[in-house]
Amino acid sequence: MKLELKGITKRFGSLVANDHIDLVVEPGQVHSLLGENGAGKSTLMNVLYGLYQPTEGTILVNDKPATFSGPGEAMASGIGMVHQHFMLVPVFTVAENVALGNESVGAGGLLNLSETRTRIRQISDQYGFDVDPDAIVEELPVGVQQRVEIIKALVRDAEVLILDEPTAVLTPKETDELLGIMGQLKADGKSIVFISHKLREVKAVSDVITVIRRGKVVGTAEPGASTTELASLMVGRSVSLTLQKAPAAPGEVTFSVRDLTVRAANGQHVVDGLSFDIAKGEILAIAGVQGNGQTELTEAIMGLQEHVSGSITLDGEELLGRSVRDVIKEGVGFVPEDRSVEGLVGTFSVAENLILNRYDEAPFARGLTMRPAVIEKNAQEKIAEYDVRTQSASAAAGTLSGGNQQKVVMAREFSRPLKLFIASQPTRGVDVGSIEFLHKRIVAERDGGTPVMIVSTELDEVLELADRIAVLYRGRLMGIVPADTSRDVLGLMMAGMHADEALAQATELQGGDQ
Amino acid sequence: MSTVTTAAPGRSAAPAGAVRSWKTPILLSVLAVVALLVFGAGAPRNNVTFRLSDPNDAIVLPDLVLPAVATGWLTAVMLAALAVLAVLAVRRGSAVPVWLVAVFAVLFLIGFLTWVVGSANNPNVALYGLLAGSVTLAVPLIFGSLSGVLSERSGVVNIAIEGQLLFGAFAAAVAASVSGSAIVGLFAAALAGVIVSFLLAVFSIRYIVNQVIVGVVLNVLVSGLTGFLFSSVLSKDAETWNSPPRLPVLSIPVLSEIPILGPILFEQTIVGYLMYIAVAVIYVALFRSRWGLRTRAVGEHPKAADTLGVNVNRMRFMNVLLAGVVAGVGGSFFTLVSVSGFGRDMTAGQGYIALAALIFGRWNPIGAFFAALLFGFATNLSNVLSLLGTPVPDQFLRMLPYVVTVFAVAGLVGRSRAPGASGIPYVKG
Numbered sequence: 008m009k010l011e012l013k014g015i016t017k018r019f020g021s022l023v024a025n026d027h028i029d030l031v032v033e034p035g036q037v038h039s040l041l042g043e044n045g046a047g048k049s050t051l052m053n054v055l056y057g058l059y060q061p062t063e064g065t066i067l068v069n070d071k072p073a074t075f076s077g078p079g080e081a082m083a084s085g086i087g088m089v090h091q092h093f094m095l096v097p098v099f100t101v102a103e104n105v106a107l108g109n110e111s112v113g114a115g116g117l118l119n120l121s122e123t124r125t126r127i128r129q130i131s132d133q134y135g136f137d138v139d140p141d142a143i144v145e146e147l148p149v150g151v152q153q154r155v156e157i158i159k160a161l162v163r164d165a166e167v168l169i170l171d172e173p174t175a176v177l178t179p180k181e182t183d184e185l186l187g188i189m190g191q192l193k194a195d196g197k198s199i200v201f202i203s204h205k206l207r208e209v210k211a212v213s214d215v216i217t218v219i220r221r222g223k224v225v226g227t228a229e230p231g232a233s234t235t236e237l238a239s240l241m242v243g244r245s246v247s248l249t250l251q252k253a254p255a256a257p258g259e260v261t262f263s264v265r266d267l268t269v270r271a272a273n274g275q276h277v278v279d280g281l282s283f284d285i286a287k288g289e290i291l292a293i294a295g296v297q298g299n300g301q302t303e304l305t306e307a308i309m310g311l312q313e314h315v316s317g318s319i320t321l322d323g324e325e326l327l328g329r330s331v332r333d334v335i336k337e338g339v340g341f342v343p344e345d346r347s348v349e350g351l352v353g354t355f356s357v358a359e360n361l362i363l364n365r366y367d368e369a370p371f372a373r374g375l376t377m378r379p380a381v382i383e384k385n386a387q388e389k390i391a392e393y394d395v396r397t398q399s400a401s402a403a404a405g406t407l408s409g410g411n412q413q414k415v416v417m418a419r420e421f422s423r424p425l426k427l428f429i430a431s432q433p434t435r436g437v438d439v440g441s442i443e444f445l446h447k448r449i450v451a452e453r454d455g456g457t458p459v460m461i462v463s464t465e466l467d468e469v470l471e472l473a474d475r476i477a478v479l480y481r482g483r484l485m486g487i488v489p490a491d492t493s494r495d496v497l498g499l500m501m502a503g504m505h506a507d508e509a510l511a512q513a514t515e516l517q518g519g520d521q
Numbered sequence: 005m006s007t008v009t010t011a012a013p014g015r016s017a018a019p020a021g022a023v024r025s026w027k028t029p030i031l032l033s034v035l036a037v038v039a040l041l042v043f044g045a046g047a048p049r050n051n052v053t054f055r056l057s058d059p060n061d062a063i064v065l066p067d068l069v070l071p072a073v074a075t076g077w078l079t080a081v082m083l084a085a086l087a088v089l090a091v092l093a094v095r096r097g098s099a100v101p102v103w104l105v106a107v108f109a110v111l112f113l114i115g116f117l118t119w120v121v122g123s124a125n126n127p128n129v130a131l132y133g134l135l136a137g138s139v140t141l142a143v144p145l146i147f148g149s150l151s152g153v154l155s156e157r158s159g160v161v162n163i164a165i166e167g168q169l170l171f172g173a174f175a176a177a178v179a180a181s182v183s184g185s186a187i188v189g190l191f192a193a194a195l196a197g198v199i200v201s202f203l204l205a206v207f208s209i210r211y212i213v214n215q216v217i218v219g220v221v222l223n224v225l226v227s228g229l230t231g232f233l234f235s236s237v238l239s240k241d242a243e244t245w246n247s248p249p250r251l252p253v254l255s256i257p258v259l260s261e262i263p264i265l266g267p268i269l270f271e272q273t274i275v276g277y278l279m280y281i282a283v284a285v286i287y288v289a290l291f292r293s294r295w296g297l298r299t300r301a302v303g304e305h306p307k308a309a310d311t312l313g314v315n316v317n318r319m320r321f322m323n324v325l326l327a328g329v330v331a332g333v334g335g336s337f338f339t340l341v342s343v344s345g346f347g348r349d350m351t352a353g354q355g356y357i358a359l360a361a362l363i364f365g366r367w368n369p370i371g372a373f374f375a376a377l378l379f380g381f382a383t384n385l386s387n388v389l390s391l392l393g394t395p396v397p398d399q400f401l402r403m404l405p406y407v408v409t410v411f412a413v414a415g416l417v418g419r420s421r422a423p424g425a426s427g428i429p430y431v432k433g
C-alpha cells in the first residue's frame with residue numbers, strides 16, 4: 008500500500024505543530040521520521056491515524072484522497088499504529104485486548120474469543136512472537152506488550168504500521184529483536200513508519216529518513232548518512248555528540264552504600280543487597296532497564312522509601328533513617344526522574360521553583376517573610392546562566408518545555424555546595440541541544456570534586472557520562488564495570504547476566520565472528 | 005496507605021522477610037478477646053431458641069435450641085484459636101488466608117447472635133424471618149449497587165444513586181396512585197431514575213464537571229424537589245397522589261415451600277425477582293458480551309478503546325442511563341413493596357450504603373449482591389433485636405448497619421481495585 012501525505016498542517020490555536028509536511032511511504036519500505044522531542048512527529052502520526060483532523064492538507068491512500076474521522080476509519084484503510092504509551096487495557100487478557108473494537112459475537116451478543124485466539128497464535132507463530140492469548144497484559148514484560156500492540160494492528164490487516172518511539176522502553180536485546188521483527192514485516196510487504204530520535208537505530212533499519220524540525224520537513228537522508236550529519240539536521244546547528252571530558256581524578260571515597268535492601272509493600276525486594284562506593288570527583292552511572300530498582304535506590308538515599316535496611320553513609324554520617332529535609336541539608340542534590348511531578352511545582356513560578364530547597368534560609372527569607380526582590384534577582388541570574396527559555400521569571404514552571412524545566416531543576420540543585428549529586432534520567436525528553444549543556448554541567452560538578460551518581464536507562468547517556476558503570480537487574484547489582492565496556496556486555500548485564508559471565512560470552516561471540 | 009512500587013515484570017512471589025501486615029491478626033485477636041469476655045464469661049444462663057420454620061409451613065423443621073453458656077464458650081475458644089492461627093501465619097511471613105477470615109466472621113456471628121438473643125427478655129428468634137427480612141431489606145441496596153457497577157465500570161462515578169432511588173420511589177408512588185396500577189408505578193420509577201442519570205451524564209460527560217460534585221448536587225436537588233412536592237401536593241391530597249397500590253407477592257408453588265430458602269428465593273414481588281435477574285444478567289453481560297468488554301475497556305483505559313474505534317463518551321452515556329433504570333426500579337421498592345406511600349427523604353442514605361456495597365463487592369455484580377445482603381442483614385438484625393428487647397440500647401442497635409459498613413469497607417476489603425479510569429472524564433487528544 009502506498010501512503011502519501013500532502014501539505015499536512017496542524018495548528019493548535021496559535022501553535023503550529025505541523026507545517027505543510029509532505030511524506031511518501033512506499034510499499035515494503037521502512038520510512039523513518041527523525042526529530043527531537045516536540046518536533047511534531049507524534050502529532051503528524053496522530054493526524055494520519057485519525058486521532059487529530061489536519062487543519063490543511065490531504066492524505067492519499069494508493070493515490071486516492073482519504074479522510075479519517077477516527078482511528079476506526081484509519082484502521083479500515085490498512086493503517087495500524089503502535090503508540091509510544093501502549094494502548095492496552097492492563098487488566099484484560101491479550102485476546103480481549105486484541106478483540107476490543109473488532110469483536111466476533113456469537114448467539115445472544117456473547118463474545119466469541121476463540122477465533123481471536125486462533126488468529127493471535129497464527130501471527131505469533133509466523134513472526135516468532137511467543138505470545139499467550141490468555142495472559143493478562145499487565146503481567147507481561149514491556150517487550151511482549153509491544154508485540155501485543157503489533158498483533159492488534161496485524162489482526163486488523165494493517166498494511167502500514169506506524170511505530171511511535173518503540174525502542175524507548177526496551178532493553179538493548181529487546182530492541183534488536185524488534186528491529187528483526189521490522190525486517191520480517193518489511194519482507195512480507197508491509198510498510199513501516201518508524202519514529203525515533205535515536206540515530207543509531209534509525210540508521211540500522213531505514214530505507215528512507217525524513218528529518219523534521221519545529222513542525223517542518225527539513226530534509227531527507229539516506230541511511231548511509233553519518234550520525235553527525237543527521238544530528239545537525241535534526242537540531243538545526245552542528246552539535247558535538249561526544250562529550251569532551253577529562254578523565255576522572257577520583258579522590259577519597261565519601262559516599263558508601265552497604266547491603267542496601269528496599270522492600271515493597273508486598274514484600275518483594277525491589278533493591279536487593281546493594282553495596283557500592285562513589286569517590287569524590289567521579290561519576291558512577293547506574294544502568295538498567297526501567298523498573299529494576301533504580302527509582303527505589305535513589306529514593307532510599309533521599310529518605311523517600313519505607314522498609315529500607317542496610318547503611319548509607321556520606322562523609323561518615325549515616326543517612327538512613329533521616330528525614331528528606333535532613334538529607335538535603337547534609338548537602339545532597341537530587342534531580343528526580345519525573346521533573347514535572349517530583350522536580351517542580353508546575354503552578355509555581357520559575358523563580359519560586361528555583362528556591363524550593365532553600366526558601367526558608369537567608370538570603371531568601373527573613374524571619375517569617377520571604378524576600379521577593381532577592382528571589383527575583385536569583386532567578387534572573389540562574390535564567391541567564393542556564394539559558395532557560397522562559398517569558399519571565401514569574402511564568403509558571405509548568406508552561407516551560409521539558410528541556411527548560413530540567414534546566415530549572417538542575418539550576419536549583421547546583422545552586423548550593425554539594426557533597427553528593429544524584430540525577431535520575433537527567434536528560435529524558437530533553438532536546439539534543441540542551442542535553443549537551445546539561446551533560447557539561449554534570450561533568451563540571453564532578454570536576455569540582457563532588458561524587459556524582461547518574462541513573463539512566465539510555466545506554467548512550469550512560470556511556471557518555473560514566474567513569475564507572477553499575478548495572479542493576481531486578482534490584483541486584485550485576486557488577487560494576489569500567490566506562491569503556493562494550494554495549495554488548497552491558498546489554499547482557501541489563502538482561503540479568505553477571506559482569507564476568509557477560510564478558511566471557513561477549514568475547515566468545517566476537518571470537519566466533521572473526 | 006502503603007507505597008506502591010513498580011515492580012519489574014515477571015518478578016516472582018514474595019521472598020522471606022516480606023513486609024508483614026499485622027492489621028488482620030490484631031483485629032481478630034481483639035475480637036476474640038471480646039468474644040471470650042462477652043460471649044463466654046458474660047453469657048446469659050439460659051437456652052436460646054432459633055426457629056427454623058413457620059409452624060404453618062408445609063415442611064416444618066424442628067427448632068434449634070442452644071445452651072447460651074456452652075455455645076458462647078465454644079465459639080469464643082474457636083475464635084481465639086483462629087486468631088492464634090492468623091498470628092502464626094503472619095509470623096511465618098505469609099498473609100492471613102481468606103477462608104480463615106470467613107470462618108472467623110461466621111463463628112463470631114453465631115456467638116453474637118446466641119449472646120444477644122439469649123440476653124433478650126424473650127430468648128427466641130425466628131431465624132427464617134431474620135434471613136428473609138434481610139433479603140427484602142437488601143433489595144434497594146442491590147439495585148443501587150448494580151447501578152453503581154454499570155456506571156463506574158464505564159468510568160463514571162455514580163454518587164447520585166441516592167437521588168436515583170429517591171426519585172424512583174417518588175415517581176412510583178405518584179404514578180401508581182394516579183393510574184391505580186403498581187406496574188405503571190414501576191415504569192415511572194425506571195423513567196425517574198433515567199432522568200437523574202441523564203443530568204449526571206450531561207454534566208459529567210458532556211460538560212466535564214467533577215462527577216462527585218454533580219452526584220452530590222443531584223442528591224440534594226432530588227431531596228429538595230421531592231420534599232417540596234410532598235409537602236405542597238402529596239400530603240394535601242394523599243388520597244389522589246400518595247396512596248399507591250402495593251405490588252403483590254407472587255409465590256411460586258411448591259418451590260416457595262422449601263424451608264428457609266423458599267421464602268427468600270420464591271416468595272417475592274416482581275421487584276424482588278427482577279433483582280435476581282438483574283444480578284445474573286449484568287454479571288454475564290459485563291464479563292461475556294461485546295457490550296461488557298467495551299464497557300470495561302472504556303472504564304479502564306478509555307484512550308485504548310478510542311484508538312480501536314470505540315466511541316468512549318457514547319458508551320459511558322448509555323451506561324449511565326442504564327444505571328438510572330436499574331436504580332430507579334430499586335427506588336420503587338420503597339413505595340410499592342416496603343410501605344405504601346412516599347415519605348420525605350425515605351431512602352435515608354441507602355444510596356450511600358449501596359455505594360459502599362459496590363466497593364466492598366469489588367465492582368463485581370455478584371460481589372455487590374453479597375455485600376448488600378450483609379448490610380441488609382445488619383439492618384434487619386437491629387430491627388429484630390429491638391423487638392426482642394435486648395439489653396443493648398436501641399440507638400446502638402440502629403448504628404449496627406453503619407458500623408458493619410465502615411468495618412467492611414475500611415478493613416476487610418483488602419486490595420479492592422477500582423476501574424482504572426473511574427471518575428476521570430475522557431477528553432480527546
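Order-wise, the sequence lines are chains A and B.
Residue numbering for the first sequence is 8 to 521, as defined by the numbering used here.
Residue numbering for the second sequence is 5 to 433, as defined by the numbering used here.
Glycine included, each C-beta is placed from N, C-alpha and C at the ideal position.
Owing to the predicted nature of the structure, the values given are computational and were not obtained by experimental measurement.
Please tell me whether residue i and residue j are closer than 8 Å, where the distance is taken between their beta carbons.
i      : j      : result
D438/A : G410/A : yes
P267/B : A186/B : no
A72/B  : G122/B : yes
P173/A : M501/A : no
L169/B : G328/B : no
M8/A   : E166/A : yes
G427/B : V161/B : yes
G350/A : V416/A : yes
F171/B : I199/B : yes
What whole-angstrom Cβ distance do residue i and residue j have, given they're in contact under 8 Å?
i      : j      : result
F147/B : L32/B  : In fact, because the Cβ distance is near 33 Å, the residues do not count as touching under 8 Å.
V155/A : V138/A : 6 Å
L427/A : F283/A : About 13 Å separates the two Cβ atoms, so there is no contact after all.
In angstroms, rounded to a whole number, what distance separates the CA positions of residue i and residue j?
i      : j      : result
F116/B : F43/B  : 7 Å
N109/A : W295/B : 12 Å
D345/A : Q297/A : 13 Å
Q133/A : G436/A : 35 Å
E43/A  : V242/A : 7 Å
T227/A : V260/A : 50 Å
Q398/A : I30/B  : 57 Å
V110/B : L378/B : 12 Å
L104/B : A80/B  : 15 Å
R332/A : S431/A : 19 Å
N119/A : R292/B : 9 Å
L499/A : A175/A : 18 Å
A83/A  : R163/A : 8 Å
How is the alpha helix (DSSP H) around residue i delimited, first residue to last?
i      : result
N387/B : 369-392
H38/A  : Here H38/A belongs to no alpha helix (DSSP H); instead the beta strand (DSSP E) covers 37-41.
Where does the unbroken beta strand (DSSP E) through residue i begin, and where does it stop?
i      : result
G280/A : 276-286
Leaving aside the five residues before and after residue i along the sequence, list all residues of the same chain whose C-beta is less than 8 Å from its C-beta, in chain order.
i      : result
Q312/A : V269, E303, E306
D398/B : S390
K447/A : L250
Going along the chain, which residues of its own chain have a beta-carbon closer than 7 Å to the beta-carbon of residue i, five neighbours each way excluded?
i      : result
T354/A : A403, G405
E122/A : S111
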